[in-house]
Structure formats: C-alpha cells, structure tokens
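Numbering (this note's numbering), first residue to last: 84 to 250.
The beta-carbon is built from N, C-alpha and C at its ideal position, and this holds for glycine as well.
Here the structure is a predicted model, which is why all the values come from computation and not from measurement.
Taking it in order: structure first as structure tokens, then the write-up.
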C-alpha cells in the first residue's frame, strides 16, 4: 500500500481553519490571473474527457481580495469563449489564429471580468440583482459567482458599473 503525505488517514488531526469565502456582487471587476491548472473534465457528461484550463482570478473587493475561477473547456463548440479570454489579455487579435496554449501566457496579467451570480442548482442561469444576492445570503441560500465575460482592461471599470445587467 502506497502512503502519501498529501492525504489524511482516519486517525490524523485536522489543524487548519475553514477558509472564508467572499460572494462578489454582480458587476465588472479588474481580475488578475493568479493560477492556471491544466485539467480534464471528469463529469461523466457530454464534456467528459475534455481538456480544460481552470483559471483563477484575484479581484479587489471591499478593501480585500476575492477569488473567482472559470473553466475554459478546450472544445470546438466553446472556441468563442477561449477567443474572448485570449483577446482580453491581448493574446489574440481579431482574425488571427493562435494556439490554445497561449492561455498559459495570461498568468499574472489583468483584464476586466463581468461577474454574475446564481443560486442553488438554478437551471435557467439568470442573473440575480445585488438585492437578490443580499437576500439569498441573508437567508442562508447558497449563491455562486460565475464569470460571464472577459474583456480587455478598462480604466473605467468599477464594481458599481452594473449597466450591462439593467439594474
């Protein structure tokens, strides 16, 4: 039997504290790529086995740092999202073909991200208003932040720029 120090045994002691999670309000933020992981989707669904890049971005929020991640599936039907991501970091120009591994060149760079929130297993993926997010959080309903879009860095980005959401 192989023993691995990365795993707990049943009689080990847990010493770490729980991580604090921040729920971002819907809006636009400047995000800096802090982590890129090459993975494969193991969902058992139609994307099973698809290579993906799990990208983590750090944003400034309420005087602290918050993290939001997104999966860039390397699938032909989602090529538009990969192109949007690469364009946001200046790694792809319109009409210019580039290799998918350019995603790795975004490490440490910043772009504008638009975040939306949904609650629970809501299948319609509608965007919740900040008031709905606050209500859900107050009443113990899980709220999930997701990245809606990646855009080139804008000097006018602020968390209160909600014009895209219509509220």
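- For residue 165, there is no enclosing beta strand (DSSP E); the residue is part of the alpha helix (DSSP H) that begins and ends at 162-171.
- Secondary-structure assignment with DSSP links residue 123 through a beta bridge to 134.
- Taking all protein chains in view, the Cβ of residue 153 is crowded by 16 or more other Cβ atoms within 10 Å, so the residue is classified as buried.
- For residue 165, the closest C-alpha among the options 112, 231 and 98 is that of 231.
- A residue is called buried when at least 16 other Cβ atoms come within 10 angstroms of its Cβ; residue 116 meets this threshold and is buried.
- About 13 Å separates the beta carbon of residue 119 from that of residue 169, a gap too long to meet the 8 Å contact definition.
- By the C-beta density criterion, residue 105 is exposed, having fewer than 16 other C-beta atoms within 10 angstroms.
- The C-beta of residue 111 has 16 or more other C-beta atoms within 10 Å across all chains shown, which makes the residue buried.
- Annotated as proximal: residue 142 and residue 114, with beta-carbon spacing under 8 Å.
- In the structure shown, residue 229 adopts extended strand secondary structure according to DSSP, grouped into three states.
- If you look at residue 218, you'll find it in the alpha helix (DSSP H) that goes 213-221.
- Distance between residue 220 and residue 151, taken at the CA atoms: about 17 Å.
- Residue 216 places its beta carbon 8 Å or farther from that of residue 130.
- In this structure, DSSP gives residue 196 an extended state, which the three-state scheme calls strand.
- DSSP, read as helix, strand or coil, puts residue 236 in coil.
- The beta carbon of residue 193 sits closer than 6 Å to the beta carbons of 113, 115 and 236 from its chain, once the five residues preceding and following it are set aside; these are given in chain order.
- Per DSSP, residue 184 lies in no beta strand (DSSP E) and is assigned neither H nor E.
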